[in-house]
Amino acid sequence: MPPGRIEARFDKHAALSRHELFREAPQAVIERLALRAQPLTFRPGERIFSRGDESHGLLAVVSGYVRISTAGPEGRSELVMNLIGPNEVVGEVALLDDGPRTADAIAATRCCLVLIERRDLLPLLGDCPILAVRLLEILSRRLRRTSQQLSDHAFAGAEQRLAKALLALAGDADRDGVRVLTTQRELGHMIGLSREGVNRHLSAWQRKGWIALAPGACRICDHAALRIIALGNEGTDAGP
71 MPPGRIEARF DKHAALSRHE LFREAPQAVI ERLALRAQPL TFRPGERIFS
121 RGDESHGLLA VVSGYVRIST AGPEGRSELV MNLIGPNEVV GEVALLDDGP
171 RTADAIAATR CCLVLIERRD LLPLLGDCPI LAVRLLEILS RRLRRTSQQL
221 SDHAFAGAEQ RLAKALLALA GDADRDGVRV LTTQRELGHM IGLSREGVNR
271 HLSAWQRKGW IALAPGACRI CDHAALRIIA LGNEGTDAGP
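For any residue, its number in the numbering used here is found by taking its place in the sequence shown, counting from 1, and adding 70.
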């Protein structure tokens, strides 16, 4: 893993205390982890780790988004499997089985991460059951999301997949005005559609007032309209 840039003013204790995985843990546990955890920052496009790399532990995302992907034969294509955002974790598979990294991780935006070594975290999963429960919940949500993505790729239309992807990136914010930080190319990689195809649908939605486009971002103006599309009711005639 590249060393990233250590940010001297990065408050590891505060970051871990706010993170979904750790915030219910006793303060003594958080203090113990914070003493050995390493804060890292990455610029957009920087590689965090590559598929096959030796695992160094778990990365807790404090801010920004990490793109998890795998490359096709000879690196000619890329499948984006997930965009991991704040309060989520990266590298949980290798943490648990001590195997190599199973995918590539690239900073999609500027990211602040906290690296916790496997040797420091695994013993605490036995000593602090709430940590184990929260990790299982995060893994279960990730598995559920992956299963849904496989189903969508097989059965859902392009517009439905795009609406689902935008709503998923908006997270739990079920309201208008949420700003999603991602490019049209990354959205296309996520749902198996060309950037041009993504642009056709997004432009049609913008004309209807459902979204507002900006470089590297999309603001959701009509959450309800996108949810109707995500549920399978086609709303534009922008083509496949």
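The beta-carbon is built from N, C-alpha and C at its ideal position, and this holds for glycine as well.
**Message:** Tell me which residue opens and which closes the alpha helix (DSSP H) that residue 148 is part of.
**Reply:** Your numbering for residue 148 matches position 78 in the sequence shown. Segment 148-154 is the beta strand (DSSP E) holding residue 148; no alpha helix (DSSP H) there.
**Message:** Using CA atoms only, rank isn't needed, just tell me which of 278, 228, 134 and 186 is closest to residue 266.
**Reply:** Locating residue 266 in the sequence shown gives position 196, counting from the first residue. Nearest to residue 266 by alpha-carbon distance, out of 278, 228, 134 and 186, is 228.
**Item:** Reference residue 202, options 165, 282, 251 and 180, closest by Cα
**Value:** Working through the sequence shown from its first residue, we reach residue 202 at position 132. Comparing Cα-Cα distances from residue 202 to each of 165, 282, 251 and 180, the minimum goes to 165.
**Request:** Ignoring anything shorter than 4 residues or poking outside the region 73-144, list the alpha helix (DSSP H) runs there in chain order.
**Result:** Within the region 73-144, the complete alpha helix (DSSP H) runs of at least 4 residues are 82-88 and 97-106.
**Item:** Bounding residues of the beta strand (DSSP E) (the contiguous stretch that carries residue 251)
**Value:** For the purposes of this step, residue 251 is taken as the residue at position 181 of the sequence shown. Taken as a continuous stretch (DSSP letters only), the beta strand (DSSP E) holding residue 251 covers 248-251.
**Item:** Neighbourhood of residue 258 by C-beta, 6 Å cutoff - its chain only, sequence neighbours within 5 removed
**Value:** Within the sequence shown, residue 258 is the residue found at index 188, counting from 1. Correct list, in chain order: 264, 265 and 268.
**Message:** Taking 9 Å as the threshold (C-beta atoms), are residue 290 and residue 250 in contact?
**Reply:** Numbered from 1 along the sequence shown, position 180 holds the residue referred to as residue 250. Numbered from 1 along the sequence shown, position 220 holds the residue referred to as residue 290. Residue 290 sits close to residue 250, with the two beta carbons spaced by under 9 Å.
**Inter-residue spacing [alpha-carbon to alpha-carbon] between residue 72 and residue 272** = Taking the first residue of the sequence shown as position 1, residue 72 is located at position 2. Taking the first residue of the sequence shown as position 1, residue 272 is located at position 202. Note that residue 72 scores a pLDDT of 49, beneath 50, so its modelled location is shaky; the value from the coordinates is reported in the next line. Each residue's Cα considered, the two are about 35 Å apart.
**Item:** In chain order, each alpha helix (DSSP H) run of at least 4 residues that lies wholly inside the region 266-300
**Value:** Listed in chain order, the complete alpha helix (DSSP H) runs (minimum 4 residues) inside the region 266-300 are 293-300.
**Request:** Only counting runs of 4 or more residues, tell me where the alpha helix (DSSP H) segments fall wholly within the region 154-211, in order along the chain.
**Result:** Listed in chain order, the alpha helix (DSSP H) runs fully inside the region 154-211 are 162-167 and 188-197, counting runs of at least 4 residues.
**Request:** From the DSSP output, in three-state form, read off residue 220 for me.
**Result:** For the purposes of this step, residue 220 is taken as residue 150 along the sequence shown, with counting starting at 1. Reduced to three states, the DSSP call for residue 220 is helix.
**Asked** Between which two residues does the alpha helix (DSSP H) harbouring residue 236 extend?
**Response** What you label residue 236 is simply residue 166 of the sequence shown in a count that begins at 1. 228-240 is the extent of the alpha helix (DSSP H) around residue 236.
**Asked** Near residue 198, which residues of its chain fall below 8 Å by C-beta distance, leaving aside the five closest residues on each side in sequence?
**Response** Taking the sequence shown and counting its residues from 1, the one referred to as residue 198 is at position 128. If we look at residue 198 and ignore the five residues flanking it on each side, its Cβ neighbours are 95, 96 and 99.
**Item:** Sufficient close CB pairs (3 or more, under 8 Å) joining the region 80-89 to the region 173-189
**Value:** They touch, by the three-pair rule.
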